[in-house]
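A.B. asks:
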Amino acid sequence: MRLWWTMANIMFEIKTVREKLLRQWRRYDFHRRWLNGSLEFPLQISLPKITDRQLLHSFVDLQTQVIRFRQVCERLPGIETIEKEFSFSSMGRQRIPVAVAVMSMDDLCRFLGQKISWDNFVNDVTLLRCFFPESDRWPGDNISLIEEYHGVWPQLIHVCRYFMAMPRPGLYLRQLDIVGIDSKFIERHKRVLRQLLDCLLPQECIDFRYSQLTHSGFEQRYGLLHEKPVIRFRLLDPGLRQYFCGMRDLSVPVDEFVALELPLSMVYITENKVNFLAFPDVSNAIVIFGQGYGVQLLRSVTWLNNVRIFYWGDIDSNGFAILSQLRSYFPHVKSLLMDEMTILASRDFWGDEPEKNNHSAGQLPFLTEQEQIVYQRIKTHCWKKYLRIEQERIPFNLLIQALLTNQISG
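The opening residue of the sequence shown carries number 0 in numbering that gives the first Met the number 0; numbering runs sequentially from there.
1) Could you check if Glu203 is buried or exposed, using at least 16 other CB atoms within 10 Å of its CB as the buried criterion?
2) Excluding five sequence neighbours on each side, which residues of the same chain lie with their C-beta closer than 6 Å to the C-beta of Pro252?
3) Applying the criterion that 16 or more other CB atoms from any shown protein chain within 10 Å of the CB defines a buried residue, is Ser299 buried or exposed?
4) Which residues mark the beginning and the end of the beta strand (DSSP E) in which Met265 is found?
5) Looking at the secondary structure, which residues open and close the beta strand (DSSP E) in which Arg231 lies?
6) Please report how far the alpha carbon of Ser134 lies from the alpha carbon of Met165, in whole angstroms.
7) Using three-state DSSP, classify Leu2 as helix, strand or coil.
8) To the nearest angstrom, how far is the alpha carbon of Met6 from that of Gln23?
9) Give me the DSSP bridge partner(s) of Ile308.
10) Just how far apart, CA to CA, sit Ala284 and Phe232?
11) On a Cα-Cα basis, can you pick out the residue from Leu296, Ile81, Thr301 and Ile95 that is closest to Glu260?
12) Please name the residue in Tyr171, Leu239, Gln70 and Tyr27 whose C-alpha comes closest to that of Ile13.
13) What first and last residue would you give for the alpha helix (DSSP H) that runs through Ser316?
14) Going by beta carbon distance, what residues of the same chain come within less than 7 Å of Pro364, once the five residues before and after it are set aside?
15) How would you call Lys48, buried or exposed, if buried means at least 16 neighbouring beta carbons within 10 angstroms?
16) In three-state terms, what does DSSP make of Leu172?
17) Could you tell me which of Leu107, Phe68, Ser143 and Arg387 sits nearest to Leu46, measuring between CA atoms?
18) Just to confirm my understanding: we take Val332, look at its own chain, exclude 5 residues before and 5 after, and list those with CB closer than 6 Å. What are they?
19) Cβ atoms of His188 and Leu224: under 9 Å apart, would you say?
20) Buried or exposed: Asn396, going by 16 or more other Cβ atoms within 10 Å of its Cβ?
21) Which two residues bound the contiguous beta strand (DSSP E) that contains Pro153?
22) Mapping DSSP to helix, strand and coil, what is Ser299?
23) Taking DSSP's pairing of strands, which residues face Glu84 in a bridge?
24) Does DSSP put Leu42 in a helix, in a strand, or in coil?
25) Would a C-beta distance cut-off of 9 Å place Val208 and Gln194 closer than the cut-off?
26) Which first and last residues belong to the beta strand (DSSP E) in which Pro252 is found?
27) My understanding is that Gly216 touches Arg167, with C-beta atoms under 8 Å, so please give their C-beta distance in whole angstroms.
28) Give the straight-line distance between the Cα atoms of Leu212 and Leu192, rounded to the nearest whole angstrom.
29) Could you give the C-beta distance for Leu170 and Arg17, rounded to a whole number, given that I count them as a contact under 8 Å?
30) If you draw a straight line from the C-alpha of Arg32 to the C-alpha of Met104, how long is it?
31) Quick one: Cα of Ile81 to Cα of Pro96, how far?
32) Leaving out five residues before and five after Leu144 in sequence, what residues of the same chain have Cβ atoms less than 8 Å from its Cβ?
33) Take the Cβ of Glu354 as the centre, count every other Cβ of all protein chains shown within 10 Å, and call the residue buried at 16 or more, exposed below.
34) Is the number of C-beta pairs between the stretch 344 to 354 and the stretch 384 to 395 that are closer than 8 Å three or more?
35) So who's on the other strand from Phe288, going by DSSP bridges?
36) Report, in whole angstroms, the separation of the C-beta atoms of Leu20 and Ile44, which I expect to be a contact under 8 Å.
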């Protein structure tokens, strides 16, 4: 039986050296040392040390593997073995390899099969250093990015030069006049452009309130125009439609909605598109398509403080959470068809709110006493586990009755 210290386990093999160097390569050790000037050649890689006991028990294996190891290294350009003579008590004087020397960067790249990758990296770093020599640390901190975006650095630099010459241009991406660059290119490369622009632009040219790239965050961070969120609403009073050439279904940017001046007395907000489209006519009223938690868009609409507001959402934990959120902006909001009477009248349409979507709050701060009771009963599964009644399933005649009651009580 072979012992654990036989040469089969010593692994005096060139592939072990290659694997060790590849691990360093993948950690970007060589890239980093080259960038900071500390990478020197010949580069030595230590080999396993042989003990007297191992030599005694594995002498033939050792001889065979050392001979093979020397032969392999001789066939590899720029790879040399470093050997020393040792005196062993059991086997006398023996000359054994102690390290492998890689003679140059080119030899290292060939040995690891990374010649093309390295040449690309060097060319990209040279280009970047010419572009912004004052930020010499950037390549060393972003080696993986340099590799990831190989092939597009000239275009990325063109974009950066544009913003450096025209910070906060106040234009849409489509309007930027950058030779060879279209808006799709910038859209695809926002992540790396943000890193570059944050290094290159003066701080006063960056709006640090916008840290996300989504929802037009890139555009707002660097002073670009962007598509603004819109509010969709329907005019429920035929008399109001005359202000819009008879149109009844409109979508306008939030800032334009804020500036609306209409003789309104009531505003309804509903979450379901079909309910929004089917909402019956009501004098001096509009209905807004609420878009769930997107009701935050209404926060800046100050004229809503001067009209009656009715919110109609799903009867589930999130429906009441949205109601609470809306009432935090407008304390006079009233709920519509979100009470116990509606729940009991719609028993045939009870459904399930997915457990993973269930709102976590035990209490919601801006509900009325009766709404809080309903919310607590939903949370404690009083009627049904994870009760949900989607508003489009509530009988339409209940809406008609509720609207008549609201108009009479108003």
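Don't be surprised by glycine CBs; every beta carbon is placed ideally from N, CA and C. This one's a predicted model, so the numbers in the text were calculated from it and none came from an experiment.
C.D. replies: A quick look at the data gives this:
1) Exposed is the label assigned to Glu203, since fewer than 16 other Cβ atoms lie within 10 Å of its Cβ.
2) Within the same chain, Pro252 has close Cβ partners Lys227 and Val229.
3) Looking at its Cβ environment, which holds fewer than 16 other Cβ atoms inside 10 Å, Ser299 is exposed.
4) Its beta strand (DSSP E) spans residues Met265 to Thr269.
5) Bounds of the beta strand (DSSP E) holding Arg231 are Val229 to Leu234.
6) When rounded, the distance between both Cα atoms is 20 Å.
7) For Leu2, the predicted model reports a pLDDT of 38, less than 50, meaning its position is unreliable; a value from the coordinates is still stated below. DSSP places Leu2 outside both helix and strand once states are collapsed to three, so it counts as coil.
8) Here Met6 scores only 43 on pLDDT, less than 50, and its place in the model should not be relied on; the value that follows carries that caveat. C-alpha separation (whole angstroms): 25 Å.
9) As DSSP reads the structure, Ile308 sits in a beta bridge with Val266.
10) Between Ala284 and Phe232, the C-alpha separation is close to 10 Å.
11) That would be Thr301, whose Cα lies nearest to the Cα of Glu260.
12) By alpha-carbon distance to Ile13, the top candidate from Tyr171, Leu239, Gln70 and Tyr27 is Gln70.
13) Start and end: Ser316 to Tyr328.
14) Ser323, listed in sequence order.
15) Burial call: exposed.
16) Per DSSP, reduced to three states, the secondary structure at Leu172 is helical.
17) The shortest Cα separation from Leu46 among Leu107, Phe68, Ser143 and Arg387 belongs to Phe68.
18) Cβ contact annotation for Val332 (same chain, cutoff 6 Å, sequence separation greater than five): Ile308, Tyr310, Leu325 and Arg326, in chain order.
19) By the CB criterion at 9 Å, Leu224 and His188 fall outside the cutoff.
20) Burial call: exposed.
21) Unbroken run through Pro153 is the alpha helix (DSSP H), Trp152 to Ala164; no beta strand (DSSP E).
22) Helix at Ser299.
23) In DSSP, Glu84 forms a bridge with Arg94.
24) Note: Leu42 maps to strand in three-state DSSP.
25) Reading off the sequence shown, one finds Arg at residue 208, where the question assumed Val. Their beta carbons are not under 9 Å apart, which means Arg208 does not touch Gln194 by this criterion.
26) Here the beta strand (DSSP E) through Pro252 covers Asp248 to Pro252.
27) About 15 Å; that fails the 8 Å criterion.
28) Roughly 11 Å separates the two Cα atoms.
29) At roughly 52 Å, the Cβ-Cβ gap does not stay under 8 Å, so Leu170 and Arg17 are not in contact.
30) About 12 Å.
31) Here the C-alpha atom of Ile81 lies approximately 6 Å from the C-alpha atom of Pro96.
32) Shown here for Leu144: same chain residues with a beta carbon closer than 8 Å to its own, the five before and five after excluded, namely Val191 and Gln194 in chain order.
33) With fewer than 16 Cβ atoms within 10 Å of its Cβ, Glu354 is classed as exposed.
34) Touching, yes.
35) Secondary-structure assignment with DSSP links Phe288 through a beta bridge to Thr269.
36) With a Cβ gap of about 7 Å, Leu20 and Ile44 count as contacting.
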